[in-house]
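Working notes, beginning with the structure itself.
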Amino acid sequence: MKKILMYSVRPDEQPAIDDWVAANDIQVDTNTVAFNADTVDLAKGYDGVVIQQHGAIPEPLVYQKLKSFGMKQLTLRITGYDIVNLDAAAANGLAVTNVPAYSPRSVAELVLAHAMRLIRHLGEATAREAKDDYSWGGLEAQEVHQLTIGIIGAGKIGSTVARIFRALGSTVIVADPVTRPELADTVRYVDLDTLLATADIVTVHTPLDDITTHMLDAATFKKMKKTAYLINAARGPIVDTTALIEALQRGEIAGAALDTIEGEAGIFGVDRSQSGVDNTNLETLKALPNVEISPHIGFYTDAAVKNMIDISLDDVKTILVGGHSPHQVN
């Protein structure tokens, strides 16, 4: 019987894993540790590996060891694959796969939730209420149908965001080199500068790579309307956090909602109430009443968790029997 080892498994994932095992003649074992140079030896004796984490795995030795164990793949049960050293994986004959569309609605609905909190000034209202200040001044809001939503990257998630806001009556504009005919009645395509200058809410949904790292920086925020909001539910390093903080403090933009930030590994997804958080930018952002923070939970719905388990394990099974996964990224 083939054996798969899954790293960093949470209790909420186990029911979906059990269901998959019951339907497939493959053994799946789990642990709760991250996959890295210190833990790769746990995979010895297995036929496949599945991981989920934010910590990077740059060391070539990790991929060399997987090859020496007889591995043919490294599967991520997340979308982002920037944590993987793709060159080292390819050099050792490892197919790297991800889950590109576990549930576009899961992220899109969180974007909507953040957008509503921002435009209704609920962060400011909550801060006031903590001091028994229930005044209305400064809390007058626009209605969502009055807004122009600017989406950077209209793939599966960005397209879903577009459809949700269009259904609510918003004007939706998109900056994306790929034009999707199925969005013709939903969005208007514009260049990035036009989007930044026009949108009331800018929400980013691109992969993280050399081009998109710090794509949203000091120059970007100066191009946005002073009344506009930024939402990042993609990857933290797409936004230059220091530049964002400065833009917020100077009033260059009205606020931001972040489901992901630079340096979140080891913080988001972890209870740090006793040990504290060693991330000055995060602490600064948390103190601002016009900033919403969520701990990278855009993916975290029951439907998405099941899809991430099923798709990743199906990919491993496909590769183990000599097939090719449509989700291979290298």
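Residue numbers for the sequence shown follow the UniProt record's numbering, beginning at 1 and rising by one.
Positions of the beta carbon are idealized from the N, C-alpha and C atoms, including for glycine.
Quick caveat, the model's predicted, so the values are computed rather than measured.
Where residue i falls: helix, strand or coil (DSSP)
| i | result |
| --- | --- |
| residue 31 | coil |
| residue 307 | helix |
| residue 6 | strand |
| residue 53 | coil |
| residue 150 | strand |
| residue 272 | coil |
| residue 335 | Since the first and last residues shown for the chain are 1 and 330, residue 335 lies out of range. |
| residue 142 | coil |
| residue 322 | coil |
| residue 98 | coil |
| residue 63 | helix |
| residue 48 | strand |
| residue 78 | coil |
| residue 290 | coil |
| residue 120 | coil |
| residue 168 | coil |
| residue 179 | coil |
| residue 256 | strand |
| residue 39 | coil |
Member of the options whose CA lies at the smallest distance from the CA of residue i
| i | options | result |
| --- | --- | --- |
| residue 56 | 328, 38, 310, 171 | 38 |
| residue 253 | 262, 291, 272, 280 | 291 |
| residue 158 | 329, 82, 272, 206 | 206 |
| residue 263 | 13, 73, 83 | 83 |
| residue 319 | 96, 28, 17, 41 | 96 |
| residue 229 | 42, 10, 121 | 121 |
| residue 286 | 255, 225, 162 | 255 |
| residue 73 | 132, 47, 117, 123 | 47 |
| residue 185 | 191, 323, 89, 166 | 166 |
Cβ shell of residue i (< 7 Å), same chain only, five flanking positions each side left out
| i | result |
| --- | --- |
| residue 26 | 1, 2, 4, 317 |
| residue 160 | 104, 105, 108 |
| residue 64 | 92 |
| residue 168 | 144, 145 |
Whole-angstrom C-beta distance between residue j and residue i, which should lie under 8 Å
| i | j | result |
| --- | --- | --- |
| residue 6 | residue 32 | With 8 Å as the limit, residue 6 and residue 32 do not qualify as a contact, their Cβ atoms being about 10 Å apart. |
Neighbourhood of residue i by C-beta, 6 Å cutoff - its chain only, sequence neighbours within 5 removed
| i | result |
| --- | --- |
| residue 231 | 111, 114, 203, 257 |
| residue 313 | 20 |
| residue 308 | 77, 99, 102 |
| residue 243 | 217, 218 |
Classification of residue i by the beta-carbon crowding that lies within 10 angstroms, buried from 16 upward
| i | result |
| --- | --- |
| residue 134 | exposed |
| residue 8 | buried |
| residue 250 | exposed |
| residue 260 | buried |
| residue 61 | exposed |
| residue 325 | buried |
| residue 274 | exposed |
| residue 66 | buried |
| residue 87 | exposed |
| residue 240 | buried |
Proximal residues to residue i (C-beta, below 8 Å), its chain only, five neighbours per side dropped
| i | result |
| --- | --- |
| residue 238 | 204, 206, 208, 212, 213, 214, 215, 216, 232 |
| residue 50 | 4, 5, 6, 7, 75, 76, 77, 312, 313, 316 |
| residue 349 | It is not possible to answer for residue 349, since the shown part of the chain is limited to 1 through 330. |
| residue 137 | none |
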